[in-house]
Amino acid sequence: MNENALTKQLMTWYAQNGRDLPWRHKGGAHPDPYVVLVSEIMLQQTTVKTVLNYFERFMHRFPTLQSLAEAPIEEVYLYWQGLGYYARARSLYAAAKALFYDYQGHFPDDKAEASKLKGLGAYTLASYLALAFNKPETVVDGNVIRVMSRLYHFTKPVEDMMPEIRKRAEALTDVRHPADYASAIMDLGACVCTPKNPKCNQCPWRESCLSKDLLDVEQIPQKSKIGKKKFEGFVYLISDGKGAVYIRKRVEKGLLSGLYEFPWSEKPMFEKAQDTGVEVSHIFTHIDMRLKIMWLCQQNIKLDGAFVPVADLKNFAFSTLMRKVLQKGGKNLL
Ligand code: SF4
């Protein structure tokens with residue numbers, strides 16, 4: 233395949249079809265690297281559609297690097313609530329503090345220096361440098377993996393094909409317009425070469441693509457061989473009988489760290505608790521979690537939490553899983 237021709241076709245398509253997004257600046261580097269940093273960390277493992285609901289609210293509250301660096305982490309969690317993967321909120325917060333206090337508000341445009349910032353893994357580092365500084369970096373996320381795998385008809389498991397996928401993606405990168413190219417390839421994956429029902433008839437690469445019109449195109453790329461771990465347990469809605477519910481804060485490390493939760497564990501915790509017959513399930517990156525919602529009315533709880541009036545729960549940052557627990561089992565508290 234002629235890489236130059238493919239790159240040109242994609243850039244022409246992007247000029248006509250690229251999405252207008254609140255964090256996007258067409259035609260070169262974004263004038264505010266802070267906007268790029270926030271949006272790219274939000275977009276990790278999250279769709280544009282979901283991020284759109286949170287980005288403007290977050291930027292309204294934290295419009296500048298300084299406003300984020302000086303805010304309490306509790307408030308950052310509140311504005312992140314619902315986006316999931318809270319480690320990203322902590323990383324963004326740590327990066328903002330480092331940039332404001334250690335770098336005096338100067339955003340590094342050098343790869344070695346930028347890689348020291350928390351939250352910038354290989355993909356986010358490349359997108360940050362490309363979108364904020366127009367550096368010739370190649371972004372390789374789930375969208376790019378899917379498009380490359382289909383364009384070149386890679387049928388082996390993704391982890392086996394990664395070096396080849398990266399090589400092909402680099403060969404196609406428009407080094408003269410890397411910011412626009414990064415946006416273009418992500419738009420192609422998100423809007424045209426979608427996981428289900430790819431719109432091959434709208435694709436700028438349809439003439440060259442080796443997977444176009446194949447019946448099993450949706451099976452490409454072949455999923456990772458690494459499965460998710462299953463976790464089954466119990467979650468407790470504990471009422472004090474006076475309109476308050478028991479919550480506790482998770483430690484600042486590990487899964488959902490720093491957020492609030494209703495007590496839960498793999499083994500039963502309270503003998504007198506009643507099974508509500510309702511379950512919640514949630515899929516994390518590596519864990520498929522299922523919890524039975526248990527109900528208990530008891531005032532003396534020997535855990536490191538506290539009773540909070542049900543009406544005040546909105547002031548605490550909960551994970552999506554815990555908000556599901558409240559939504560599905562909350563009627564037991566009223
Ligand atoms: S032709 Fe179809 S399968 Fe191939 S890259 Fe385009 S949308 Fe994807």
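If you read the sequence shown in my numbering, its first letter stands for residue 233, the second for the next number, and so on. Quick reminder that beta carbons are idealized off the backbone N, C-alpha and C, glycines included.
heavy atom of the ligand SF4 below 7 Å from W245 C-beta: no
Meets three-Cβ-pair contact criterion under 8 Å: the region 440–455 and the region 490–502: no
For I479, the residue or residues it bridges with in DSSP: A538
Under 8 Å between C-beta atoms of A327 and G351: yes
Outcome for T279 when other beta-carbon atoms lying within 10 angstroms are tallied against a minimum of 16: exposed
Identity of the residues DSSP links to E464 by a beta bridge: R522
Buried versus exposed, by CB contacts within 10 Å (16 or more), R522: exposed
Contact test: C423 Cβ vs the ligand SF4 heavy atom, cutoff 7 Å: no
Neighbourhood of V308 by C-beta, 6 Å cutoff - its chain only, sequence neighbours within 5 removed: A321, Y325
P410 vs P368 beta-carbon contact at 8 Å: yes
Beta-ladder partner(s) of L469, from DSSP: W527
Test item: CB-CB of C423 and R382 under 8 Å: no
Runs of alpha helix (DSSP H) lying entirely within the region 304–388, each at least 4 residues, in chain order: 305–312, 319–329, 343–346, 354–365, 374–383
Near the ligand SF4: S443 beta-carbon under 7 Å from a heavy atom: yes
Proximity of F490 and I305 at Cβ, strictly below 8 Å: In the sequence as presented, Phe is not what sits at residue 490; that position holds Gly. It is a contact, given that the beta carbons lie within the stated cut-off.
Any non-hydrogen atom of the ligand SF4 closer than 7 Å to K574 Cβ: With the chain covering only 233 through 566, there is no way to say anything about residue 574.
Where D252 sits in the DSSP three-state scheme: coil
Any non-hydrogen atom of the ligand SF4 closer than 7 Å to R522 Cβ: no
Spatial distance of P265 from L315 (CA atoms): 21 Å
Euclidean distance between Cα positions of K240 and H514: 42 Å
Three-state class that DSSP yields for W437 in the structure shown: coil
Separation of E511 from K462, as counted between CA atoms: 15 Å
Local Cβ density within 10 Å of T405, reported as buried at 16 or more and exposed below that: buried
Pairwise C-alpha distance: Y384 and N236: 15 Å
Unbroken alpha helix (DSSP H) run spanning D419, endpoints: 410–419
Among L242, T296, R289, A330, nearest to Y311 - alpha-carbon criterion: R289
W496 CB to nearest heavy atom of the ligand SF4 below 7 Å: no
Where the beta strand (DSSP E) containing T508 begins and where it ends: 506–515
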